[in-house]
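Engineer:
Number of protein chains: 4
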Amino acid sequence: VIPRYTLPEMAAVWSDESRLRHWLRIEILACEAWSRLGRIPSEDLDAIRSKATAMVDRVAELEATTNHDVAAFVQAAAESVGPAGRWIHFGMTSSDLLDTGLAIQLRGAADLLLAKLERLLAVVRDRALEHRETLCVARTHGVHAEPTRFGHKLAVWAFELARDRDRLRRAREVVSVGKVSGVVGTYAAVDPFVEEHVCRELDLAPAEATTQVIQRDRHAEFMSAVAITAATLEKIAIEIRHLARTEVREV
Amino acid sequence: VIPRYTLPEMAAVWSDESRLRHWLRIEILACEAWSRLGRIPSEDLDAIRSKATAMVDRVAELEATTNHDVAAFVQAAAESVGPAGRWIHFGMTSSDLLDTGLAIQLRGAADLLLAKLERLLAVVRDRALEHRETLCVARTHGVHAEPTRFGHKLAVWAFELARDRDRLRRAREVVSVGKVSGVVGTYAAVDPFVEEHVCRELDLAPAEATTQVIQRDRHAEFMSAVAITAATLEKIAIEIRHLARTEVREV
Amino acid sequence: VIPRYTLPEMAAVWSDESRLRHWLRIEILACEAWSRLGRIPSEDLDAIRSKATAMVDRVAELEATTNHDVAAFVQAAAESVGPAGRWIHFGMTSSDLLDTGLAIQLRGAADLLLAKLERLLAVVRDRALEHRETLCVARTHGVHAEPTRFGHKLAVWAFELARDRDRLRRAREVVSVGKVSGVVGTYAAVDPFVEEHVCRELDLAPAEATTQVIQRDRHAEFMSAVAITAATLEKIAIEIRHLARTEVREV
Amino acid sequence: VIPRYTLPEMAAVWSDESRLRHWLRIEILACEAWSRLGRIPSEDLDAIRSKATAMVDRVAELEATTNHDVAAFVQAAAESVGPAGRWIHFGMTSSDLLDTGLAIQLRGAADLLLAKLERLLAVVRDRALEHRETLCVARTHGVHAEPTRFGHKLAVWAFELARDRDRLRRAREVVSVGKVSGVVGTYAAVDPFVEEHVCRELDLAPAEATTQVIQRDRHAEFMSAVAITAATLEKIAIEIRHLARTEVREV
């Protein structure tokens, strides 16, 4: 992400701090679940809950040695807790963290985009009504074709933006799934209750069946929805730029 | 489309014959609407209904001169009718035909894909249940990792195929829209009732607001849904090919 | 290829007739080589040379049964010759035909593109000199920025077109390679002299080492060169369209 | 760039420090040229040469206000010099820095890639000769087809890597061009000698004719060459992974 072109709140969603905070939250929730299952003693859970942290600098330092981001994180979190830290990541695999954490980030990004899109849609809709009688020219290949209304142009955009919003909403749902099913997704070393608990607390749906990872069709749908929205915005921007040309000066 | 890799029924959806048949249907329905509005005399409508045809060869012949596919079609259809043929395309613009016809073709293609997908999904689901206890090995980077069940592998595919089907169903809806709003979409020369009638008879929704064309975000969503489905199928195919390697021979 | 947007001479390069003609040429040249090696009797070679044909219709008919284009072609060619037809495709694999034939077609396409590009470059260069003092305005984001010369704009295009031409020339060379090395490229069933003879007669370089196919980096370079040229042409076309806008009318 | 997957020397080419260092070099060289033309007094040039710096932190601080990277850099460089700093960026436009600096970075990246590629090519060539008689199996769709030599497989890769290297070398040349021609590339406010001097000292060719920017076909050729090389490497990596499968264990 290039800082100059990134909203601070979007940068925050994708920051290392956010990622590590989500991972830590997942680990603590997993320990809670194991504790309810009688696997982790309550004093250990208390230690984990009260002490566990994962600082960006420490993880980076360990990653320089391990060359594996999740391993470095688990080590950092464990050492912050002390002896009870050995329960961190119990029964889990890297993708349980990577993919569940990514789901939280994607949902956060979707929420930001949806809020912006709703606001834009409202503005365009209002302007469309305001200019429903404002005459202007419709062009074909840049050459004047027929008269139209400026409000009509805006209404076309408003309906398209509404479809973009609907696609983004569905995409938000489809990526809001978590996974704590362990290596190759078979629950061989992890009780399904752990996944259930972690996902419930994070307001994610548990993925129905997975391999080592959550299936990528979900992320593909998300990227498609974002890409189609971006294409709408680009189209609007190009048209506005044309209408602002020195020789046109319509807007 | 490469004949060897195309299902005959899919080739039929995209054939020149189908396209011209849809265009003719749209023109006749538009004439019906104009007739109800009192604009086209009923004897002219009768002539149009009973005589209008548009043969591929004749259209190709005219297109060689006009260099414009819709103009060639309109001329061919008009001359097949005789004097009343002058009503063909009355008040309309090329994109009214092009985009409404395309909607019928895309819906037809979606129906074929959905039927195949439902069948595949049912087979994979059945096999998943059948092999729910069949042990096999899960691999990471092609190297044996952990035991899993063959039915588990299939279940992952089944759930993904079900999502693909849902995406295709929604994409089918979003492209099932027609447009008969004339040049630059302003209904300047065409009564909105014409669009309403044409779309109702073709079981399409009228596009809410358009420029000269139906907005392309609809087609982009369709292509995304098809592309994501294709990626699922490719993934399954690659895995099956691996399992069929001389050294593996699992399937 | 869409007929309306395709030059007839480019369509001819890619027609089924051309493809089959190239394949037949390759087969006959291979038989010549085998004959010089003493493997094919001279009367058989005479029969092949004088009678071998491969008609599009007959190949299509056989392909409907075999479902394999090269197999259908070989059968059609063989039956056109009679008993000596059994030598057709002797020691060869499908890709020997497919890839060597494709090389001839790509070279043909490159020649057409290069001829057009040279002509365009000459025109733009002449106009650049003609308008070296014609004042016009340079725009940034469509808004007037600074005065420039129309000839300067054209000179920028001319130099870019010259680079496009150079890239296409190199791409033409890199795809002008043939292969007659048999299954998986090992010459197990075919003498290297066959490849040498076929390539020499077709003015292609023999590929240095291949698998079953000629390596695809060659085709990727070709497509890149075409794509970059197309981007230049699109840029020029968009600029000209802007300059022709109703409100601008500079060209 | 993701640190874990980036060579330190490649990260250095693209660091903010490198970019600012190149920009400063360009500015100082431009001042030298202006001084030779008698436009900048020699004591001012001395001040610029001895004092000019552009620290990443200071530029970032200013950019937070100006929201324009080049403006922030010019201000930082000017204030580091004192009164004579007003000559920094004299007659120039942002793209003179951006594009000339980018050329230096692309050339640096190309040099690193070429060095790695040469080394890889040498290793693959040596192994190809070493294994010229090592029998192995060639597969079609993962199924055993015919015997081949492992050295043959490697030779195919070696020849392809050599073509990749040639493409990268040419791409290195085509991006090694600078531009100091001022707003919209007309030399209205800058003497062509400035461009000549800057480029000569940086060992870049001056771009023949430009708009505000250096033409992007150059960068497109560079990216194509990198992409085709990456495709070769991916192909080799996938093959090696296959050959390392638990059931295959050939390598």
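Here the protein sequences line up with chains D, L, B and X, keeping their order. Okay, so the first sequence: first residue is 1 according to the working numbering, each after it adds one. Okay, so the second sequence: first residue is 252 according to the working numbering, each after it adds one. Okay, so the third sequence: first residue is 503 according to the working numbering, each after it adds one. Okay, so the fourth sequence: first residue is 754 according to the working numbering, each after it adds one. Where is the CB? At the ideal position from N, CA and C, for every residue including glycine.
May I ask you to list, following chain order, the residues of the region 286-297 of chain L that have a beta carbon less than 8 Å from some beta carbon of chain A?
Structural biologist: Protein chains D, L, B and X are contained in the structure displayed, whereas chain A is not.
Engineer: Which residue comes first and which comes last in the beta strand (DSSP E) that contains E146/D?
Structural biologist: Residues V143 to R149.
Engineer: Give, in chain order, every residue of the region 124-144 of chain D whose Cβ lies closer than 9 Å to some Cβ of chain B.
Structural biologist: Within the region 124-144 of chain D, the residues whose Cβ lies closer than 9 Å to some Cβ of chain B are V137, R139, H141, G142, V143 and H144, listed in chain order.
Engineer: Which residues does DSSP list as the beta-bridge partners of C637/B?
Structural biologist: As written in the sequence, residue 637/B is Leu, which differs from the Cys given in the question. Partner(s): R651/B.
Engineer: Between the region 755-763 of chain X and the region 148-157 of chain D, do three or more beta carbon pairs fall short of 8 Å?
Structural biologist: In short, these stretches do not touch, since the Cβ pair count stays below three.
Engineer: With DSSP as the reference, label P959/X as helix, strand or coil.
Structural biologist: Looking at P959/X - three-state DSSP - the assignment turns out to be strand.
Engineer: Starting from the beta carbon of E974/X, find every residue of chain B whose beta carbon is closer than 9 Å, and list them in chain order.
Structural biologist: Within chain B, the residues near E974/X are R665, R669, S726, A727 and I730.
Engineer: With a threshold of 8 Å between beta-carbons, can R4/D be considered close to chain B, or not?
Structural biologist: Judged by the 8 Å Cβ criterion, R4/D is not in contact with chain B.
Engineer: Could you tell me which residues DSSP pairs with G429/L in its beta bridges?
Structural biologist: In the DSSP output, where bridge partners are listed per residue, G429/L has P457/L.
Engineer: Got a sec? Which residues, its chain only, sit under 7 Å from R132/D by beta carbon, not counting five neighbours each side?
Structural biologist: Contacts found: R149 and G151.
Engineer: Are G429/L and T344/L closer than 8 Å when you measure CB to CB?
Structural biologist: It is not a contact, given that the beta carbons lie outside the stated cut-off.
Engineer: Counting only C-beta atoms, is V744/B closer than 8 Å to chain X at any point?
Structural biologist: The identity of residue 744/B in the sequence shown is His, whereas the question assumes Val. No, its Cβ sits nowhere closer than 8 Å to a Cβ of chain X.
Engineer: Please give me, in chain order, every unbroken run of the alpha helix (DSSP H) with length at least 4 that falls completely inside the region 567-643 of chain B.
Structural biologist: As far as the region 567-643 of chain B is concerned, its whole alpha helix (DSSP H) runs of at least 4 residues are 571-583 and 596-632.
Engineer: Using 10 angstroms around the beta-carbon of G342/L, count the other beta-carbons present and answer buried if the total reaches 16, otherwise exposed.
Structural biologist: It is buried - the Cβ of G342/L has at least 16 other Cβ atoms within 10 Å.
Engineer: Given this structure, state the Cα-to-Cα distance separating D668/B from R674/B, to the nearest angstrom.
Structural biologist: Distance between the alpha carbons of D668/B and R674/B: 10 Å.
Engineer: Return the first residue and the last residue of the alpha helix (DSSP H) that D693/B is part of.
Structural biologist: Here D693/B belongs to no alpha helix (DSSP H), and DSSP marks it neither H nor E.
Engineer: Anything in chain B within Cβ reach of E926/X, meaning under 7 Å, just list it in chain order.
Structural biologist: Those within 7 Å of E926/X in chain B number zero; the least Cβ separation is about 11 Å.
Engineer: Smallest Cα separation from A76/D: which of A52/D, A84/D and D96/D?
Structural biologist: Out of A52/D, A84/D and D96/D, A52/D has the C-alpha closest to the C-alpha of A76/D.
Engineer: Going along chain X in order, which residues have a C-beta closer than 7 Å to the C-beta of T512/L?
Structural biologist: Outside the displayed range of chain L (252 to 502) lies residue 512/L, so it cannot be described from this structure.
Engineer: For V499/L and chain X, any beta-carbon pair shorter than 8 Å?
Structural biologist: V499/L counts as touching chain X.
Engineer: Provide the residue span of the alpha helix (DSSP H) that contains I214/D, from first to last.
Structural biologist: Per DSSP, I214/D belongs to no alpha helix (DSSP H) and is neither H nor E.
Engineer: According to DSSP, is G289/L helix, strand or coil?
Structural biologist: DSSP places G289/L in coil when its eight states are reduced to three.
Engineer: Is the beta carbon of V137/D sitting closer than 8 Å to the one on L29/D?
Structural biologist: No, the Cβ-Cβ distance between V137/D and L29/D is not below 8 Å.
Engineer: Which class does E752/B belong to by DSSP, given the choice of helix, strand or coil?
Structural biologist: Coil, per DSSP.
Engineer: Measure the alpha-carbon distance for V248/D versus G289/L and round it to whole angstroms.
Structural biologist: Those two C-alpha atoms are separated by around 42 Å.
Engineer: So that I know if they touch, is there some Cβ in chain D lying closer than 8 Å to that of R672/B?
Structural biologist: So, not an interface residue.
Engineer: For V753/B and chain X, any beta-carbon pair shorter than 8 Å?
Structural biologist: Chain X, which has no Cβ nearer than 8 Å to the Cβ of V753/B, makes this no.
Engineer: For the structure I just gave you, are there three or more beta carbon pairs, one from the region 971-990 of chain X and one from the region 818-829 of chain X, closer than 8 Å?
Structural biologist: Contact between the region 971-990 of chain X and the region 818-829 of chain X is absent, because fewer than three Cβ pairs lie under 8 Å.
Engineer: Taking 6 Å as the limit between beta carbons, can you name the residues of its chain near L745/B, skipping five residues before and five after?
Structural biologist: Excluding positions up to five away in sequence, the list reads E752 and V753.
Engineer: Using beta-carbon positions only, say whether A456/L and I465/L come within less than 8 Å of one another.
Structural biologist: Taking 8 Å as the Cβ cut-off, A456/L and I465/L do not qualify as a contacting pair.
Engineer: Start and end of the alpha helix (DSSP H) containing M55/D?
Structural biologist: Premise fails: M55/D is in no alpha helix (DSSP H) and is neither H nor E.
Engineer: Out of V947/X, I857/X and A831/X, state which residue places its alpha-carbon closest to the alpha-carbon of M808/X.
Structural biologist: It is A831/X whose Cα lies nearest to the Cα of M808/X.
Engineer: What is the rounded straight-line gap between the Cα of L368/L and the Cα of A413/L?
Structural biologist: One C-alpha to the other measures close to 9 Å.
Engineer: Determine the extent of the alpha helix (DSSP H) in which V264/L is found, giving its start and end residues.
Structural biologist: Per DSSP, V264/L belongs to the alpha helix (DSSP H) from P259 to V264.
Engineer: Please report the Cβ distance between Q356/L and V264/L, rounded to the nearest whole angstrom; I am assuming they are in contact, meaning their Cβ atoms lie under 8 Å.
Structural biologist: Correct: roughly 6 Å between the Cβ atoms.
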